[in-house]
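Asks:
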Amino acid sequence: MLNCTLDEYAIKSSLFESSLSGEYRKKNGVFYTDVRLSRLIFDYLALDPKKLILDPCCGVGSFLYSAIEYGCCNVYGADIDVKAVRMCKTLTGLKSTVKKMDTLFEDSKVVLKKLGLKEKVDYVIGNPPYCPMEGTIVTDNTDYLFQRKIKDSGNNLFVVALYRSFELVKDDGIISYIVPKNFLHVFSYSLLRKHILNKKAILSIVDLGSCFSNVRGEQILITIKNCYSKDNEIRLLRYVDDSFQNVCSVKQSFYSDDILLFSSEDEFNVYCKLEGTYTKFSDICGGYVGRGRSLDEDAVSGKDIRKFGFKNRQVPARGNQVFIQNIYSAEAGIIASFAGNELKAKQTVTIFTDGDEKMCRYMVGILHSRLCNFYLLKFCYNNSRLTMHTDAKYLRKLPLKKDNEVLFNQIVSLVEAIEGREYMSEIWFEMIEELNELVYNMYGIDDSERVYIDEEIKSLQSKRWINDRDK
Numbered sequence: 129m130l131n132c133t134l135d136e137y138a139i140k141s142s143l144f145e146s147s148l149s150g151e152y153r154k155k156n157g158v159f160y161t162d163v164r165l166s167r168l169i170f171d172y173l174a175l176d177p178k179k180l181i182l183d184p185c186c187g188v189g190s191f192l193y194s195a196i197e198y199g200c201c202n203v204y205g206a207d208i209d210v211k212a213v214r215m216c217k218t219l220t221g222l223k224s225t226v227k228k229m230d231t232l233f234e235d236s237k238v239v240l241k242k243l244g245l246k247e248k249v250d251y252v253i254g255n256p257p258y259c260p261m262e263g264t265i266v267t268d269n270t271d272y273l274f275q276r277k278i279k280d281s282g283n284n285l286f287v288v289a290l291y292r293s294f295e296l297v298k299d300d301g302i303i304s305y306i307v308p309k310n311f312l313h314v315f316s317y318s319l320l321r322k323h324i325l326n327k328k329a330i331l332s333i334v335d336l337g338s339c340f341s342n343v344r345g346e347q348i349l350i351t352i353k354n355c356y357s358k359d360n361e362i363r364l365l366r367y368v369d370d371s372f373q374n375v376c377s378v379k380q381s382f383y384s385d386d387i388l389l390f391s392s393e394d395e396f397n398v399y400c401k402l403e404g405t406y407t408k409f410s411d412i413c414g415g416y417v418g419r420g421r422s423l424d425e426d427a428v429s430g431k432d433i434r435k436f437g438f439k440n441r442q443v444p445a446r447g448n449q450v451f452i453q454n455i456y457s458a459e460a461g462i463i464a465s466f467a468g469n470e471l472k473a474k475q476t477v478t479i480f481t482d483g484d485e486k487m488c489r490y491m492v493g494i495l496h497s498r499l500c501n502f503y504l505l506k507f508c509y510n511n512s513r514l515t516m517h518t519d520a521k522y523l524r525k526l527p528l529k530k531d532n533e534v535l536f537n538q539i540v541s542l543v544e545a546i547e548g549r550e551y552m553s554e555i556w557f558e559m560i561e562e563l564n565e566l567v568y569n570m571y572g573i574d575d576s577e578r579v580y581i582d583e584e585i586k587s588l589q590s591k592r593w594i595n596d597r598d599k
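To convert a position in the sequence shown, counted from 1, into this note's numbering, add 128.
1. In the DSSP assignment, find the unbroken alpha helix (DSSP H) run with I278 in it and report its ends.
2. Closest by CA to L102, which one among K591, L192, G420, G404?
3. Report the partner residues of L180 according to the DSSP bridge assignment.
4. Below 8 Å between beta carbons: does that hold for Q373 and G461?
5. Three or more beta-carbon pairs under 8 Å between the stretch 325-340 and the stretch 285-293, yes or no?
6. Near E470, what residues of its chain come up, given a Cβ to Cβ distance below 8 Å and the 5 sequence neighbours on each side ignored?
7. Using 8 Å as the threshold, is the C-beta distance between A206 and V226 below it?
8. Does the stretch 500-511 touch the stretch 477-484, meaning 3 or more C-beta pairs lie closer than 8 Å?
9. On the CB-based measure, 16 or more other CB atoms within 10 Å of its CB, does I139 come out buried or exposed?
10. Between L336, C488, G244, which has its C-alpha nearest E346's C-alpha?
11. Check whether the stretch 573-591 and the stretch 524-541 touch, using three or more Cβ-Cβ pairs below 8 Å as the test.
12. Can you look up Q347 in the DSSP assignment and give me helix, strand or coil?
13. If you reduce the DSSP assignment to three classes, tell me which class K486 lands in.
14. So, are the CB atoms of V203 and I169 less than 8 Å apart?
15. Give every residue of the same chain whose Cβ lies closer than 6 Å to the Cβ of G293, excluding the five residues on either side of it in the sequence, and list them in chain order.
16. Which residues does DSSP pair with T481 in a beta bridge?
17. Just verifying my parser: in three-state terms, what is the DSSP assignment at H313?
18. Quick one: Cα of I265 to Cα of K353, how far?
19. Verify whether the separation of the beta carbon atoms of R592 and S410 is less than 8 Å.
20. Just grab the DSSP bridge partners of R366 for me.
21. Return the chain-ordered list of same chain residues with a C-beta closer than 7 Å to the C-beta of K474, the five sequence neighbours on each side being excluded.
22. Kindly identify the DSSP beta-bridge partner or partners of T407.
23. In terms of alpha-carbon separation, which member of V297, I348, F340 lies closest to P308?
24. Just to confirm the assignment, what range does the beta strand (DSSP E) spanning A464 have?
25. Within 10 Å of its beta-carbon, does V378 have 16 or more other beta-carbons around it, so buried, or fewer, so exposed?
26. For chain C, find out if any of its Cβ atoms is closer than 8 Å to the Cβ of L535; answer yes or no.
27. Does the beta-carbon of E498 have 16 or more other beta-carbons within 10 angstroms, so that it is buried, or is it exposed?
28. Going by other Cβ atoms of all chains shown within 10 Å of its Cβ, with 16 needed for buried, is E550 buried or exposed?
29. Confirm, please, whether the CB-CB distance from Y305 to L290 is below 8 Å.
30. Looking at the unbroken beta strand (DSSP E) that takes in I253, where does it start and where does it end?
31. Compare the C-alpha of D638 against each of V238, S147, K472, E561 and name the closest.
32. Just the C-alpha distance for K408 and R513, rounded to the nearest angstrom, thanks.
Right, dumping it as structure tokens:
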């Protein structure tokens, strides 16, 4: 049935995608899946080839091509782009089972009827478009309640596709979609996440990383069974060296909203220890946490801050502010400084205040520790390698322990000492290593956990932040 080899398909589909303008692709969320990845997905899912498969947003047919090569015999597809549908039919040889239609804003019963199907499908598989939609959805074919649900769930095209997939697939059917990784933790998608966690069974999540060129963001492959299972476990995997590698399994009941992608059993155990033992930043620090607002020329910007100080001004001696560079990257980690009372901050700075000056310097020490950066990267930013914002919603999640007065005072004193040392000098680095040890001791992190955290952070950080010069 196929009209070309896999390599030929890859070339032709790539040429077709490149013929689309960047504006069109961005506006419509059109980014086609490499056929080698879609083929790997079919091998991983190990589907019954006799069952009915549908890709409702098939584009030029990467998943349909892979389904046929896998051995599937009941393969259907649809797309709103008439040129993509025409190309799909040419490349896959599917003439009668691929249709031009709007599967997102058309009622699911109408979609099935137009495809010539008398019942719901067994599998919905693909890579739906993802791009934000402004305002309220307005279409003649979409009922108001559905519009409201989409708007409240993030107002993105992939959100529409997920909700529609639940209507298109049988009650025990499978949905396997490539979606943005931030779906797992961004607040605006919370309603849909909770619906899936409470009403469906997530079979697995594969961390695909940045597998699409010209797409800002990372992706996951989420596979969902269209019914709930009380004791369901979610398999977590990652895409490495053209294969899906098992990481660990987590009970679905473990999650209530945000879904974290743990990289190992060790990482899961560290998370459980930190979450189950310590209070949160938001429970202890009751001051202001938010962006700077000053428009003054002399106000501090994010680029003016460096670790434990500023580029062109002295660290104030007294006060109750901490300034944090709002852009966070895994390579550099947190960049923050004690900021006294008088300094003002621009929009590119996150400000933290507390009535206790010692608490402010204590927080500067905690924020710069490997333990804190490990927590932020793994459990707030879901292991994303992209730059993120050190906004209040993330900082408030940090576990905060301060019940050991001796260690608390040692950390405060050490931060004051680091502020007075030459930036990035040998003694500066040595003091930061001492700080890391104090923080580990404060949180009761054992030797094996320290080794794991150190190795993880050092594998990601830029070499300029690692004081291993004698190794």
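Every residue, glycine too, gets a C-beta built ideally from N, C-alpha and C.
Replies: The structure says:
1. Working through the sequence shown from its first residue, we reach residue 278 at position 150. Annotation: the continuous alpha helix (DSSP H) that includes I278 extends over 272-280.
2. This structure does not reach residue 102, given that the chain is present from 129 up to 599, and the question cannot be answered.
3. Position 52 of the sequence shown, counted from the start, is the residue given in the question as residue 180. Here L180 is bridged, per DSSP, to N202.
4. Looking up residue 373 in the sequence shown gives position 245. Looking up residue 461 in the sequence shown gives position 333. Not a contact, by the Cβ cut-off of 8 Å.
5. No, the stretch 325-340 does not touch the stretch 285-293.
6. Here residue 470 corresponds to residue number 342 of the sequence shown, with the count starting at 1. Here the set comprises P444, G447.
7. In the sequence shown, residue 206 corresponds to position 78, counting from 1. In the sequence shown, residue 226 corresponds to position 98, counting from 1. With respect to the 8 Å criterion, A206 and V226 are classified as neighbours on the basis of their beta carbons.
8. No contact exists between the stretch 477-484 and the stretch 500-511.
9. The residue labelled residue 139 in the question sits at position 11 within the sequence shown. Under a 10 Å Cβ-count criterion, I139 is classified as exposed, with fewer than 16 other Cβ atoms of the shown protein chains found around its own Cβ.
10. To locate residue 346, count along the sequence shown from 1; it is residue 218. Among L336, C488, G244, the Cα nearest to that of E346 belongs to L336.
11. Three or more Cβ pairs closer than 8 Å define a contact, and the stretch 573-591 falls short of that threshold against the stretch 524-541.
12. Here residue 347 corresponds to residue number 219 of the sequence shown, with the count starting at 1. Looking at Q347 - three-state DSSP - the assignment turns out to be strand.
13. Numbered from its first residue, the sequence shown carries residue 486 at position 358. DSSP places K486 in helix when its eight states are reduced to three.
14. As a position in the sequence shown, residue 203 is number 75, starting the count at 1. As a position in the sequence shown, residue 169 is number 41, starting the count at 1. Result no, Cβ atoms of V203 and I169 do not sit closer than 8 Å.
15. Taking the first residue of the sequence shown as 1, we reach residue 293 at position 165. Checking the sequence shown, residue 293 turns out to be Ser, not Gly. The answer, listed in chain order, is V252, I303.
16. Taking the first residue of the sequence shown as 1, we reach residue 481 at position 353. Note: T481 is bridge-paired with Q449 in the DSSP secondary-structure output.
17. Indexing the sequence shown from 1 puts residue 313 at position 185. If DSSP states are grouped into helix, strand and coil, H313 belongs with coil.
18. Translated into the one-based positions of the sequence shown, residue 265 becomes position 137. Translated into the one-based positions of the sequence shown, residue 353 becomes position 225. Model confidence at I265 stands at a pLDDT of 48, short of 50, so the residue's coordinates are unreliable and nothing is read from them.
19. Within the sequence shown, residue 592 is the residue found at index 464, counting from 1. Within the sequence shown, residue 410 is the residue found at index 282, counting from 1. Against a cut-off of 8 Å, the Cβ pair of S410 and R592 comes out as no contact.
20. Indexing the sequence shown from 1 puts residue 366 at position 238. As computed with DSSP, R366 is found in a beta bridge with D335, Q373.
21. Here residue 474 corresponds to residue number 346 of the sequence shown, with the count starting at 1. Closer than 7 Å at Cβ, skipping near neighbours: G420, S422, A427, V428, S429.
22. Against the sequence shown, residue 407 aligns to sequence position 279. Answer is L528, bridged to T407.
23. By 1-based counting over the sequence shown, the position of residue 308 is 180. In this structure, I348 is the residue among V297, I348, F340 with its C-alpha nearest to the C-alpha of P308.
24. Numbered from 1 along the sequence shown, position 336 holds the residue referred to as residue 464. Its beta strand (DSSP E) spans residues 464-468.
25. For the purposes of this step, residue 378 is taken as residue 250 along the sequence shown, with counting starting at 1. Classification of V378: buried, given that the 10 Å Cβ count is 16 or more.
26. Here there is only one protein chain, and chain C is not present.
27. Taking the first residue of the sequence shown as 1, we reach residue 498 at position 370. Glu is not the amino acid found at residue 498; the sequence shown has Arg there. Classification for R498: buried.
28. Here residue 550 is taken as the residue at index 422 of the sequence shown, counted from 1. E550 should be labelled exposed.
29. If you number the sequence shown from 1, residue 290 lands on position 162. If you number the sequence shown from 1, residue 305 lands on position 177. A contact, by the Cβ cut-off of 8 Å.
30. Stepping through the sequence shown from its first residue, residue 253 is reached at position 125. Taken as a continuous stretch (DSSP letters only), the beta strand (DSSP E) holding I253 covers 249-254.
31. Residue 638 is absent from the structure shown; the chain starts at 129 and stops at 599.
32. Position 280 of the sequence shown, counted from the start, is the residue given in the question as residue 408. Position 385 of the sequence shown, counted from the start, is the residue given in the question as residue 513. C-alpha of K408 to C-alpha of R513: approximately 24 Å in a straight line.
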